Amino acid sequence: MKKKYKYIQLPPLPEDLEAYAVELIWQFARLHDAEQNAVLLQLVAMLEGTDDKENSDNIIREILEECNGERESPVMLQYVNTLRKLVGNIVAEACKMAALIYQKYYVEKINVEDILHIDGVTEDVLNLFLEYFIAENNKE
0 MKKKYKYIQL
10 PPLPEDLEAY
20 AVELIWQFAR
30 LHDAEQNAVL
40 LQLVAMLEGT
50 DDKENSDNII
60 REILEECNGE
70 RESPVMLQYV
80 NTLRKLVGNI
90 VAEACKMAAL
100 IYQKYYVEKI
110 NVEDILHIDG
120 VTEDVLNLFL
130 EYFIAENNKE
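Here numbering that gives the first Met the number 0 is used: the first residue of the sequence shown is 0, the next is one more, and so on.
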């Protein structure tokens, strides 16, 4: 008896893509269709910044309708694109937070306790960025 092999076709990936990102894509590709849809739904909800299930369901339905039932994995392409946008948003938010903390602490000379009262700044985030800034200043 011949053994049947199942293959997973990944979308074209950038050559310099980090290994962890390839692993995320690979793990997604190995999921069953229903699981892929659930994961994509979560990612889209995170990207849209909403926990509104109905809104998220509409978004995922639109994505799946764009796929037209093809099995060349347009859902995979959408996953990769959505993940890329989500990571981009996370990086952008981290940069904004770093700039805010730098501005308040180093430029405006506001103390740590007062910075903690700024919306969105938690003690962990503040300490993380301050440690980073101090380490960078010590390198010079």
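Ideal Cβ positions, reconstructed from N, Cα and C, are used throughout, including at glycine. Just so we're clear, the structure is a prediction, and the values are computed from it rather than from any experiment.
query	result
How about Val74 and Leu129: do their beta carbons lie closer than 8 Å?	no
Residues in the same chain with beta-carbon distance under 6 Å from Gln35, minus the five sequence neighbours each way, listed in chain order, please.	Val74
Roughly how many angstroms lie between the CA atoms of Val90 and Arg83, to the nearest whole one?	11 Å
Looking at the structure shown, is Tyr6 part of a helix, part of a strand, or coil, going by DSSP?	coil
Between which two residues does the alpha helix (DSSP H) harbouring Asp123 extend?	122–138
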